[in-house]
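Engineer: First residue of the sequence shown? That's 15 in the working numbering, and the numbers climb one at a time after it. Take this structure first; my questions come after.
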Amino acid sequence: MIYRSWSLLSSTVVIWGGVATAGLAGTFLLGGKEKFSQYLCREGERLRQQDRATIGMQN
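What follows is the structure, given as structure tokens:
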């Protein structure tokens, strides 16, 4: 058997790439995109409020 050091790394990349692709496909096909978008909007607003509070405390 011929041992190639890159074969272990490349197989790991292929496996994780497949998992990521399956996850993204599931998200888009099952309507998770809207939920994720809403989550990002809420999280962004929360971070903006924290920034405003931090700036207000510094002044």
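The C-beta atom is built at its ideal place from N, Cα and C for all residues, glycine as well.
(1) In this structure, does DSSP put L44 in helix, strand or coil?
(2) What residues in its chain sit with their C-beta under 6 Å from that of T26, if we drop five residues either side in the sequence?
(3) Leaving out five residues before and five after K47 in sequence, what residues of the same chain have Cβ atoms less than 8 Å from its Cβ?
Structural biologist: If we stick to the structure as given:
(1) What you label residue 44 is simply residue 30 of the sequence shown in a count that begins at 1. Here L44 sits in coil by DSSP.
(2) Residue numbering aside, residue 26 sits at position 12 when the sequence shown is read from its first letter. Answer for T26: no residue qualifies.
(3) On the sequence shown, residue 47 is found 33 positions in, with the first residue counted as 1. Same-chain partners within the cutoff: T41.
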